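Asker:
Residue numbers (our numbering): 2 to 220.
Below, the structure written as structure tokens:
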């Protein structure tokens, strides 16, 4: 990468840190940093535009719609305004915005309207942060933030959620494992992502087994 590109990344990091200073713990700067690092790791084994990967990873949750009444236009608009201000090449801006618009899970039942190697990389990195030990912590942190139940045996997971149902769900946090987290392993795009996801998936399965043992009082 050029000196100018490295400078842009540094400015983007500072911009995101400041923007997310009061963010919910599962969607704060540390989430972005993990996704950024994993994106760089996955990119090492892929032929891709590294600048686009890094910018998209850093800006993908600059204004997550779940914290803006479901408005999916704010994040891309914030990212675009920042990148334009920094005189980022137009084609890079357009690609980054497309990634931000298409990275999220959205219930897992919608066909993607855009595809690229760069999206595949950042999407895998973002999904990796949703599973494993960190993923479990983030799920319960957000559940607490939304005052959701940990678990309710009477409320069964819904694996056929529409995009709107997924966005508006108030189901217990354990349901989220079945409605999203345990499905991510099979939705990974890259070989590196698939390998890491398998390890984290296995950890979640072990966690759930222990959770149900403790829930039922089977000591």
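Built from N, CA and C at the ideal position, the CB exists for glycine as well. A quick note: this is a predicted structure, and the numbers were derived from the prediction, not measured.
1) Between the Cα of residue 33 and those of 127, 81 and 48, spot the shortest distance and give me the residue it belongs to.
2) Tell me whether residue 61 sits in a helix, a strand or coil according to DSSP, three-state version.
3) With three or more beta-carbon pairs closer than 8 Å as the criterion, would you say the segment 79-91 touches the segment 136-155?
4) Do three or more CB pairs link the segment 93-105 to the segment 58-75 at distances below 8 Å?
5) Under the three-state reduction of DSSP, which class applies to residue 205: helix, strand or coil?
6) Our contact map puts residue 44 next to residue 36 with C-beta atoms below 8 Å; I'd like the distance itself, whole angstroms only.
7) Starting from the C-beta of residue 195, find all residues in its chain whose C-beta is less than 7 Å away, skip the five residues before and the five after it, and write them out in chain order.
8) Would you decide whether residue 137 is buried or exposed? Buried here means 16 or more other CB atoms lie within 10 Å of its CB.
9) Going along the chain, which unbroken runs of the alpha helix (DSSP H) with 4 or more residues stay wholly within the segment 128-174?
10) Can you list, in chain order, the stretches of the alpha helix (DSSP H) that have 4 or more residues and sit fully within the segment 42-87?
11) According to the neighbour-count rule (16 or more other Cβ atoms, all chains shown, within 10 Å of its Cβ), is residue 167 buried or exposed?
12) Any heavy atom of the ligand PLP closer than 8 Å to the beta-carbon of residue 175?
13) Taking residue 115 as part of the alpha helix (DSSP H), name the residues at either end of that continuous run.
14) The alpha helix (DSSP H) spanning residue 21 covers which residue range?
15) Buried or exposed for residue 2, going by 16 or more other Cβ atoms inside 10 Å?
Answerer: From the atom records:
1) Here residue 33 refers to the residue found at position 32 of the chain shown. Nearest option by C-alpha distance: 127.
2) Along the chain shown, read from residue 1 onward, the residue named residue 61 stands at position 60. DSSP places residue 61 in coil when its eight states are reduced to three.
3) no
4) yes
5) By 1-based counting over the chain shown, the position of residue 205 is 204. Here residue 205 sits in helix by DSSP.
6) Working through the chain shown from its first residue, we reach residue 44 at position 43. Working through the chain shown from its first residue, we reach residue 36 at position 35. Going by Cβ atoms, the distance from residue 44 to residue 36 rounds to 12 Å, so no, they are not a contact pair.
7) As a first step, residue 195 must be located in the chain shown, where it is residue number 194. If we look at residue 195 and ignore the five residues flanking it on each side, its Cβ neighbours are 189.
8) Position 136 of the chain shown, counted from the start, is the residue given in the question as residue 137. It is buried - the Cβ of residue 137 has at least 16 other Cβ atoms within 10 Å.
9) 133-146 and 164-169
10) 51-60 and 75-86
11) Your numbering for residue 167 matches position 166 in the chain shown. Counting Cβ neighbours within 10 Å, residue 167 comes out buried, since at least 16 surround it.
12) With respect to the ligand PLP, the structure shown offers nothing to examine, as it has no ligands at all.
13) Within the chain shown, residue 115 is the residue found at index 114, counting from 1. No alpha helix (DSSP H) holds residue 115; DSSP gives it neither H nor E.
14) Looking up residue 21 in the chain shown gives position 20. Premise fails: residue 21 is in no alpha helix (DSSP H) and is neither H nor E.
15) Numbered from 1 along the chain shown, position 1 holds the residue referred to as residue 2. With fewer than 16 other Cβ atoms within 10 Å, it is exposed.
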